[in-house]
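Chemist:
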Amino acid sequence: MSGQRAAAFRPTHVVPPDGMPAWEAPDPARPTVALDPLLPVELVERLGDWGHIRCANGWAAWVDGRYLVAVPRDPPAAGDPPAGTTDPLPLLARAERALAGYRAAVRELADGGLDGRAFEDRTRALRIGIVVDGESMWVYDPDEGRWMYGDGRRLHTYAAERPATGGTQPDHAPTRYAAPGGES
Numbered sequence: 001m002s003g004q005r006a007a008a009f010r011p012t013h014v015v016p017p018d019g020m021p022a023w024e025a026p027d028p029a030r031p032t033v034a035l036d037p038l039l040p041v042e043l044v045e046r047l048g049d050w051g052h053i054r055c056a057n058g059w060a061a062w063v064d065g066r067y068l069v070a071v072p073r074d075p076p077a078a079g080d081p082p083a084g085t086t087d088p089l090p091l092l093a094r095a096e097r098a099l100a101g102y103r104a105a106v107r108e109l110a111d112g113g114l115d116g117r118a119f120e121d122r123t124r125a126l127r128i129g130i131v132v133d134g135e136s137m138w139v140y141d142p143d144e145g146r147w148m149y150g151d152g153r154r155l156h157t158y159a160a161e162r163p164a165t166g167g168t169q170p171d172h173a174p175t176r177y178a179a180p181g182g183e184s
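In this text, residue positions in the sequence shown follow my numbering: the first is 1, and each later residue adds one.
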């Protein structure tokens, strides 16, 4: 890859609300770690029912692509009208508080002030998710059960655990298919 820059991460799907298993290769005998619920992923290749996904940190795996949830739409492009504007600062402040609470619990666990059970009890209600890629940000809103996309000025719903009310189904983001064996 010398001289080439890795492709920018752009989520096309999220993991189902219950999470999902993942494999090192499209082979059920080679399992790897399970994926967290609503984790944003980019589907980079299809091979039958198998989907090769990439995460924001560059980690890649194979999943049962039939269960991936397509995001409702692509992130708004710069210059799009400010529909659905939401101030990102309150959600970022909640994420900071959740991270600070988790950090404090980890410190107490490491210092011996908490045992494993107390650590589990203290962190059970904490839920946070943030992906920052330059000016783009995806942040999880645990109160609403949805991922929000932000450009620093406003947030837009990007993917949700439950369908939005209103009767119309949103358009799905396009999935980029790669030929089997192609670069990912």
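Quick reminder that beta carbons are idealized off the backbone N, C-alpha and C, glycines included.
Quick one: using the 10 Å Cβ neighbour count with 16 as the cut-off for buried, is Trp147 buried or exposed?
Modeler: As a first step, residue 147 must be located in the sequence shown, where it is residue number 147. Per the 10 Å Cβ criterion, buried.
Chemist: Per DSSP, Gly150 is paired with what?
Modeler: Residue 150 sits at position 150 when you count from the first residue of the sequence shown. DSSP, once it has assigned bridges, lists Met137 and Leu155 as partnering Gly150.
Chemist: Measuring only the C-alpha atoms, how far is Val9 from Met20?
Modeler: For the purposes of this step, residue 9 is taken as residue 9 along the sequence shown, with counting starting at 1. For the purposes of this step, residue 20 is taken as residue 20 along the sequence shown, with counting starting at 1. According to the sequence provided, residue 9 is Phe. The question's Val does not apply to it. The alpha-carbon atoms of Phe9 and Met20 are separated by roughly 20 Å.
Chemist: At which residues does the alpha helix (DSSP H) containing Pro90 begin and terminate?
Modeler: The residue labelled residue 90 in the question sits at position 90 within the sequence shown. Where Pro90 is concerned, the enclosing alpha helix (DSSP H) stretches over Pro88 to Ala110.
Chemist: Which same chain residues end up closer than 7 Å to Arg141 when comparing Cβ atoms and leaving out the 5 residues on each side of it in sequence?
Modeler: By 1-based counting over the sequence shown, the position of residue 141 is 141. Before going on, a small fix: residue 141 reads as Asp here, not Arg. Once the five neighbours on either side are set aside, the close Cβ partners of Asp141 are Leu91 and Met148.
Chemist: Tell me, to the nearest whole angstrom, how far the beta carbon of Ala70 is from that of Thr12; I am working on the premise that it is less than 8 Å.
Modeler: Within the sequence shown, the letter at position 70 stands for residue 70. Within the sequence shown, the letter at position 12 stands for residue 12. Sure, about 7 Å apart at Cβ, within 8 Å.
Chemist: Taking buried to mean at least 16 other C-beta atoms within 10 Å of its own C-beta, is Met1 buried or exposed?
Modeler: Here residue 1 is taken as the residue at index 1 of the sequence shown, counted from 1. Residue confidence is low: Met1 scores 37 on pLDDT, short of 50, so the model does not pin down where it sits. No coordinate-derived value is stated.
Chemist: For Arg10, does the three-state DSSP call read helix, strand or coil?
Modeler: Counting from 1 along the sequence shown, the entry for residue 10 is found at position 10. Here Arg10 sits in coil by DSSP.
Chemist: Going straight from the alpha carbon of Gly101 to that of Gly48, what length do you get?
Modeler: Sequence index remark: in the sequence shown, residue 101 carries index 101 (1-based). Sequence index remark: in the sequence shown, residue 48 carries index 48 (1-based). Going by the C-alpha atoms only, they are around 43 Å apart.
Chemist: How close, in whole Å, do the beta carbons of Ala22 and Val14 come, if the pair is a contact with beta carbons under 8 Å?
Modeler: As a first step, residue 22 must be located in the sequence shown, where it is residue number 22. As a first step, residue 14 must be located in the sequence shown, where it is residue number 14. Wrong, their Cβ atoms sit about 14 Å apart, outside the cutoff.
Chemist: Go through its chain and collect everything with a Cβ distance to His187's Cβ below 7 Å, but skip five positions before and after it.
Modeler: With the chain represented from 1 up to 184, any question about residue 187 goes unanswered, as that position is not in the structure.
Chemist: Which whole-angstrom value describes the C-beta separation of Ala98 and Arg122, a residue pair presumed to lie in contact below a C-beta threshold of 8 Å?
Modeler: In the sequence shown, counting from the first residue as 1, residue 98 sits at position 98. In the sequence shown, counting from the first residue as 1, residue 122 sits at position 122. The Cβ separation is near 12 Å, so there is no contact.
Chemist: Give the range of the alpha helix (DSSP H) segment to which Glu120 is assigned.
Modeler: For the purposes of this step, residue 120 is taken as residue 120 along the sequence shown, with counting starting at 1. Run containing Glu120: Gly116 to Thr123, per the alpha helix (DSSP H) assignment.
Chemist: What are the boundary residues of the beta strand (DSSP E) that includes Leu43?
Modeler: Taking the first residue of the sequence shown as 1, we reach residue 43 at position 43. Counting along the chain, the beta strand (DSSP E) containing Leu43 begins and ends at Pro40 to Leu47.
Chemist: Rounded to whole angstroms, what is the Cα-Cα separation between Pro28 and Gly65?
Modeler: As a working note, residue 28 is residue 28 in the sequence shown. As a working note, residue 65 is residue 65 in the sequence shown. If I take the Cα positions, the gap works out to 13 Å.
Chemist: So, with DSSP's three-state summary, where would you put Gly51?
Modeler: Looking up residue 51 in the sequence shown gives position 51. In this structure, Gly51 counts as strand in the three-state DSSP scheme.
Chemist: For Glu96, is the classification buried or exposed, using 16 other Cβ atoms within 10 angstroms of its Cβ as the cut-off for buried?
Modeler: Stepping through the sequence shown from its first residue, residue 96 is reached at position 96. Exposed.
Chemist: So the candidates are Tyr158, Val132, Gly150 and Asp151; which of them puts its Cα closest to the Cα of Ala56?
Modeler: The residue you call residue 56 lines up with position 56 of the sequence shown. The shortest C-alpha separation from Ala56 is found at Val132.
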